[in-house]
Structures are given as C-alpha cells and as structure tokens.
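Enquirer:
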Amino acid sequence: MFAKYNDNITSVALGLYFLGIVVYVVQLLFMTEVWLKGEAVDISAITVARVMGATWLGLGVGLLLTFINGPDGQKSFFYGLVVAQIATFIAVLNSYLQGNPSSQDDAIIVAILTLLLLFGWSRIRSRL
Numbered sequence: 506m507f508a509k510y511n512d513n514i515t516s517v518a519l520g521l522y523f524l525g526i527v528v529y530v531v532q533l534l535f536m537t538e539v540w541l542k543g544e545a546v547d548i549s550a551i552t553v554a555r556v557m558g559a560t561w562l563g564l565g566v567g568l569l570l571t572f573i574n575g576p577d578g579q580k581s582f583f584y585g586l587v588v589a590q591i592a593t594f595i596a597v598l599n600s601y602l603q604g605n606p607s608s609q610d611d612a613i614i615v616a617i618l619t620l621l622l623l624f625g626w627s628r629i630r631s632r633l
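Going by the numbering used here, the residue at position 61 of the sequence shown is 566; the numbering climbs one at a time, nothing skipped.
#1: Among the candidates Gly520, Val546, Gly567, Trp561, whose CA atom is the shortest distance from the CA of serine 600?
#2: Note the first and the last residue of the continuous alpha helix (DSSP H) segment covering glutamine 590.
#3: Just to confirm my understanding: we take valine 597, look at its own chain, exclude 5 residues before and 5 after, and list those with CB closer than 7 Å. What are they?
#4: Ordered along the chain, which non-local residues of its own chain (more than five positions away) have a Cβ less than 6 Å from that of phenylalanine 582?
#5: Along the chain, where does the alpha helix (DSSP H) that runs through glycine 624 open and close?
#6: Check each candidate in Tyr584, Ile617, Leu633 and name the one with the smallest Cα separation from leucine 655.
#7: Could you give the DSSP three-state label for glycine 575: helix, strand or coil?
#8: Can you tell me which of Gly525, Leu623, Val588, Leu569 puts its alpha carbon nearest to the alpha carbon of alanine 508?
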C-alpha cells in the first residue's frame, strides 16, 4: 500500500500521521461523551465534536486514497490537509497557552502529528 510513495521514510511518517487521524476519529465519532468529559467540555458540544470527527474522517479517507493511488496530482488535497493540521495545532496551542490544563496532552500530540505531516509533505511536495 505504501509502495506508491516510492519513499519508505515518507510512507512511515504519513502512515503514523494517518494512525493519529484514526485515533481522533474514533474518539470524536464513537467515544464523543467520554472524550468531551476528558477535555472538561460540556456535553452540549457533542454535535460540534462529531462534526469535527466526520471532517477528519473525510481527510483520513483522502490520505488513505493517496496510499492506494499515489500522491501524484494531489496538490490541492495536501495543501488543504496541511492548512487544516496547522490550524488545529494553533487552536490547541492557543488553548494550552491560555491556561487550559486539559489541553496539554492534546497540544503535544497535535504538535507531533503536525511535524509528521510537514515532514512527509516536504518530501513528496515535488510530486504533487
């Protein structure tokens, strides 16, 4: 499945990033109440959390399709994915810097996922 990338290091980085997406999608779509409680967010935000999970599900499926079909010609998708990931990182980092203690672990995880995506994207950017 990763052979279409023709670069094992990039495949591993983006594969790990994909696993991160899967974890967040499972949490946001199937364990929403537990996730909201762990983040100290009121249950009234359940719809927003599930919409966020559905959005990341779509981005994850798009990334999975690049593993199957190759990244060639997927410039718009990858730019959209990079922008979404950086915006997510900024939002979580802002929450942490404003003193929300429950966002520290998310800030670390999202920072690692952002680095994995940026690393993989920088290695395949010329093929997009």
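Heads up, the beta-carbon is just placed ideally off N, CA and C, and yes, glycines get one too.
Expert: The answer reads as follows:
#1: Comparing Cα positions, the closest option is Val546.
#2: Start and end: 580 to 602.
#3: Excluding positions up to five away in sequence, the list reads Ser608, Asp611, Ala612, Val615.
#4: Counting only Cβ-Cβ distances below 6 Å, and skipping sequence neighbours, we find Gly567.
#5: In the sequence as presented, glycine is not what sits at residue 624; that position holds phenylalanine. Where phenylalanine 624 is concerned, the enclosing alpha helix (DSSP H) stretches over 609 to 629.
#6: There is no way to answer for residue 655, as the model of the chain reaches only from 506 to 633.
#7: Note: glycine 575 maps to coil in three-state DSSP.
#8: Distances from the CA of alanine 508 to each of Gly525, Leu623, Val588, Leu569 were compared; the closest alpha carbon is that of Leu569.
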